[in-house]
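Number of protein chains: 2
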Amino acid sequence: MDNELEKISILKLSERGSSSIEDVVAKEFPLTIILNNRELVTLLCSPANLRYLAVGFLFSEGLVKNKAAIKRIIVDDQRGAVRVETEGDEELASNALFKRFITSGCGRGVSFYNAADVQDQVRVESRIRISILEVLALVNEFQHRSQVYRTTGGVHSAALSDTTNIIVFSEDIGRHNAIDKIFGECLLNDITTDDHIIITSGRISSEILLKVARRNVPIIVSKSAPTSLGVRLARDLGLTLVGFVRGKRMNVYTHPGRIATNGK
Amino acid sequence: MDNELEKISILKLSERGSSSIEDVVAKEFPLTIILNNRELVTLLCSPANLRYLAVGFLFSEGLVKNKAAIKRIIVDDQRGAVRVETEGDEELASNALFKRFITSGCGRGVSFYNAADVQDQVRVESRIRISILEVLALVNEFQHRSQVYRTTGGVHSAALSDTTNIIVFSEDIGRHNAIDKIFGECLLNDITTDDHIIITSGRISSEILLKVARRNVPIIVSKSAPTSLGVRLARDLGLTLVGFVRGKRMNVYTHPGRIATNGK
Numbered sequence: 147m148d149n150e151l152e153k154i155s156i157l158k159l160s161e162r163g164s165s166s167i168e169d170v171v172a173k174e175f176p177l178t179i180i181l182n183n184r185e186l187v188t189l190l191c192s193p194a195n196l197r198y199l200a201v202g203f204l205f206s207e208g209l210v211k212n213k214a215a216i217k218r219i220i221v222d223d224q225r226g227a228v229r230v231e232t233e234g235d236e237e238l239a240s241n242a243l244f245k246r247f248i249t250s251g252c253g254r255g256v257s258f259y260n261a262a263d264v265q266d267q268v269r270v271e272s273r274i275r276i277s278i279l280e281v282l283a284l285v286n287e288f289q290h291r292s293q294v295y296r297t298t299g300g301v302h303s304a305a306l307s308d309t310t311n312i313i314v315f316s317e318d319i320g321r322h323n324a325i326d327k328i329f330g331e332c333l334l335n336d337i338t339t340d341d342h343i344i345i346t347s348g349r350i351s352s353e354i355l356l357k358v359a360r361r362n363v364p365i366i367v368s369k370s371a372p373t374s375l376g377v378r379l380a381r382d383l384g385l386t387l388v389g390f391v392r393g394k395r396m397n398v399y400t401h402p403g404r405i406a407t408n409g410k
Numbered sequence: 147m148d149n150e151l152e153k154i155s156i157l158k159l160s161e162r163g164s165s166s167i168e169d170v171v172a173k174e175f176p177l178t179i180i181l182n183n184r185e186l187v188t189l190l191c192s193p194a195n196l197r198y199l200a201v202g203f204l205f206s207e208g209l210v211k212n213k214a215a216i217k218r219i220i221v222d223d224q225r226g227a228v229r230v231e232t233e234g235d236e237e238l239a240s241n242a243l244f245k246r247f248i249t250s251g252c253g254r255g256v257s258f259y260n261a262a263d264v265q266d267q268v269r270v271e272s273r274i275r276i277s278i279l280e281v282l283a284l285v286n287e288f289q290h291r292s293q294v295y296r297t298t299g300g301v302h303s304a305a306l307s308d309t310t311n312i313i314v315f316s317e318d319i320g321r322h323n324a325i326d327k328i329f330g331e332c333l334l335n336d337i338t339t340d341d342h343i344i345i346t347s348g349r350i351s352s353e354i355l356l357k358v359a360r361r362n363v364p365i366i367v368s369k370s371a372p373t374s375l376g377v378r379l380a381r382d383l384g385l386t387l388v389g390f391v392r393g394k395r396m397n398v399y400t401h402p403g404r405i406a407t408n409g410k
């Protein structure tokens, strides 16, 4: 975690006076992703799990289909670059640049998807169910896991859960990056996302929803609000969208059948 | 404001039971910016002040230098597009596409700037001063202005202030968009930003800082945290960065001389 923090001197002010103290802020790091020797993009991110971020990003953007397609990954911490070599180039990268779709919410913002991607996305099918108490327990554990957030107040977090435990956890200054790191780790370590749950600290916009649907995840849970397009995509793609999990309450925006109100 | 909201039916759940209610979420709207007949980008935004957003975006990306450069703006609400025609094209738009720098924090995320832009940015010089009590009063008024946030919990807000009053206010699902809307409005309505203050609900990353420095704004105030690069840029470019304004307290990260602890 130390790598993700930077110490600085700040002045704390209140009506009563001022004091100079040492504080920490979340480190912001420019990471360039180089796909098959072509500079694809530079992300501003937290400098941890760069390998997972690069692979998760490429997967989210449809530039890598599966683990087998990846021949080699070289992380260059010093120069802030991850080089990824894949089987067959198919001019995907260069085409992708002309299908930009910039984001909105709290997060990276570029997405190389367009309307056609949404149409191509198959509906998520899953018979998984989770109880209200399980959702509350997971979100509670999720909040306790976020070390950088508690230290700096300046990052987002995301997690993958099997309804009982948190299996993969990540933090990043960008909410998109945090989710891409989760999926990158899953892809490289053969962790299934089917019948699992994504938990996020951030708002659920259309891009976040599409990213999660692509991994066939049936339930997404957030402490924050969704946007109208996030809700519409969740409805159309068969995902259960749970927002505003706060205290002992939550809002279910779509497909509530997967949330059991009494046991399972 | 109604235009920025969408009514939906949701299920409210707690341990005690469930109830089906009408709720509202923040509308997410894809807006394509067409510069001199070329599709530049599609932003996901709140559907208000699209004209300001388009101009503010073009200005932030260095594609429009001033109001005089704009020949014509046509807003097409139905098709989700704003067409902007400028004096001289200079192939700026197409070049810009190859200088992408993707973001991090909560916000749009693409920025067409690169390291050279930071070097070109001149230091902000301003003798403006503001007292702690003025900062607290402004942030208090700022929070009360945010109608869509209070209704949906799903948007960011930004404001321009002259230290006493809020002069321009905007809300958007993206924190970058909210600030671009402010600057677009200033540019089109000849509102100066020199010696003024930007207030934002969002975290202050390097891109936000650079955007504000470009408008020669000497003070940026946020309820949230900055990132390490945000702090470094503020220090190098001469901006006073105030974060974590909560209750009666705040943190001053850089150039504290503009914050008067007793009167001015």
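Note that the protein sequences, when read in sequence, are chains C and L. For any residue, its number in the working numbering is found by taking its place in the first sequence, counting from 1, and adding 146. For any residue, its number in the working numbering is found by taking its place in the second sequence, counting from 1, and adding 146. The beta-carbon is built from N, C-alpha and C at its ideal position, and this holds for glycine as well.
- Proximity to Gly320/C across Pro176/C, Ser192/C, Leu159/C peaks at Ser192/C, based on C-alpha coordinates.
- Nearest CB-CB separation between Val285/L and chain C: not below the 9 Å threshold.
- Between Leu334/C and Val358/C a beta carbon distance of about 18 Å is seen, past the 8 Å cut, so the two are scored as non-contacting.
- With contacts defined by Cβ atoms closer than 9 Å, Asp169/C and Leu196/C do not form a contacting pair.
- Rounded to whole angstroms, the Cβ separation of Val314/L and Ala305/L is 6 Å, and the two are in contact under 8 Å.
- Residue pairing for Arg184/L: DSSP places it in a beta bridge opposite Leu181/L.
- Contacts between Arg349/C and chain L, judged by CB atoms closer than 7 Å, involve Gly300 in chain order.
- With the rule of 3 Cβ pairs closer than 8 Å, the segment 212-231 of chain C does not count as touching the segment 348-364 of chain C.
- For Asn149/L, the closest Cβ of chain C is not nearer than 9 Å.
- For Arg395/C, the neighbours in chain L by C-beta distance under 8 Å run, in chain order, Lys158, Leu159, Ser160.
- Nearest CB-CB separation between Ile278/L and chain C: below the 9 Å threshold.
- Cβ-Cβ distances below 8 Å link Asn149/L to Lys173, Pro193, Ala194 in the same chain, with the five nearest sequence neighbours on each side left out; the list follows chain order.
- Using a Cβ-Cβ cut-off of 8 Å, Ala172/L is close to Ala371, Thr373, Ser374 of chain C, given in chain order.
- Within the same chain, and ignoring the five residues on either side of Ala380/L in sequence, the residues whose Cβ sits closer than 6 Å to its Cβ are Leu355, Leu387, Thr400.
- Listed by position along chain C, the residues whose Cβ is nearer than 9 Å to that of Asp169/L are Asn397, Tyr399.
- Within the DSSP bridge table, the entry for Phe175/L names Cys191/L as partners.
- His290/C counts as exposed, since fewer than 16 other beta carbons sit within 10 angstroms of its beta carbon.
- Separation of Lys213/L and Leu186/L (C-alpha to C-alpha, rounded to the nearest whole angstrom) is 19 Å.
- For Gly389/C, the three-state secondary structure derived from DSSP is strand.
- Every unbroken stretch of the beta strand (DSSP E) spanning 3 or more residues and falling wholly within the segment 255-316 of chain L is given here in chain order: 302-307.
- Contact with chain C is absent for Ile180/L, since none of that chain's Cβ atoms lies less than 9 Å from the residue's Cβ.
- Here the C-alpha atom of Glu287/L lies approximately 19 Å from the C-alpha atom of Arg275/L.
- In the structure shown, Ile216/C adopts extended strand secondary structure according to DSSP, grouped into three states.
- By the rule that beta-carbons nearer than 9 Å mark a contact, Glu317/C does not touch chain L.
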